[in-house]
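Just so you know, the sequence shown maps onto residues 13 to 123 in this note's numbering.
Every residue, glycine too, gets a C-beta built ideally from N, C-alpha and C.
Note that the structure is a prediction, hence the values are computed from the model and not measured.
Contents: one structure, followed by commentary.
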Amino acid sequence: MIRDVVAHTSDGCEGCLALGTRWAHLMLCLTCGYVGCSDSSPMRHARHHAQTSGHPIAQSLHPGDNWRWCFVHDVKICTPYPATGARVVGPSVVPGLTNGVRQDLRIAKSQ
13 MIRDVVAHTS DGCEGCLALG TRWAHLMLCL TCGYVGCSDS SPMRHARHHA
63 QTSGHPIAQS LHPGDNWRWC FVHDVKICTP YPATGARVVG PSVVPGLTNG
113 VRQDLRIAKS Q
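Set out below in structure tokens:
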């Protein structure tokens, strides 16, 4: 289920922050707002979250990206946000972070 979500954190991958590890790319769970690192990161927390929670779709949080990932089918969904009924709103990056985390990770339905 994809719905309006607010990210649990704007500081980075929740799993990596807890473990003190690094991430390469961040994903936002479109079911609950969990922020996890992608499969290009060593720990792959977004995939682990999808597998353990049953939340199938996450959105890339890299600035300029307009894709989502379906963990059930392992496919990239390249539809622009307005066409799918949702868009990212808010400032583009968190000051001081090099991983491109969006400051306001809230997902809002398009009008």
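My assumption, with CB atoms under 8 Å, is that residue i sits in contact with residue j. Please give the rounded CB distance.
{"i": "Ala19", "j": "Val47", "result": "5 Å"}
{"i": "Ala62", "j": "Ser50", "result": "At roughly 11 Å, the Cβ-Cβ gap does not stay under 8 Å, so Ala62 and Ser50 are not in contact."}
{"i": "Pro54", "j": "Thr33", "result": "7 Å"}
Just curious, the alpha helix (DSSP H) that residue i is in, first and last residue?
{"i": "Arg59", "result": "57 to 65"}
{"i": "Gly27", "result": "26 to 31"}
Ignore the nearest five residues each way along the sequence and tell me which others in residue i's own chain have a CB closer than 7 Å to its CB.
{"i": "Lys88", "result": "Trp79, Trp81"}
{"i": "Val84", "result": "Pro68"}
From this set, the options, which residue's C-alpha is nearest residue i's C-alpha?
{"i": "Ser52", "options": "Cys25, Gly66, Thr43", "result": "Cys25"}
{"i": "His60", "options": "Cys28, Asp77, Gly76", "result": "Cys28"}
Can you name the start and end residues of the beta strand (DSSP E) that residue i belongs to?
{"i": "Leu42", "result": "From DSSP, Leu42 is part of no beta strand (DSSP E); its letter is neither H nor E."}
{"i": "Ala19", "result": "Per DSSP, Ala19 belongs to no beta strand (DSSP E) and is neither H nor E."}
{"i": "Gly76", "result": "That residue, Gly76, is in no beta strand (DSSP E); it is neither H nor E in DSSP."}
Short of 6 Å in beta carbon distance, which residues of its chain neighbour residue i, apart from the five on each side in sequence? Order them along the chain.
{"i": "Gln71", "result": "Leu40, Leu42, Arg80"}
{"i": "Pro107", "result": "Confidence in Pro107 is poor, its pLDDT being 34 and thus under 50, which makes the residue's placement too unreliable to answer from."}
{"i": "Cys90", "result": "Trp79"}
{"i": "Gly45", "result": "Val17, Val18, Ala19, His20"}
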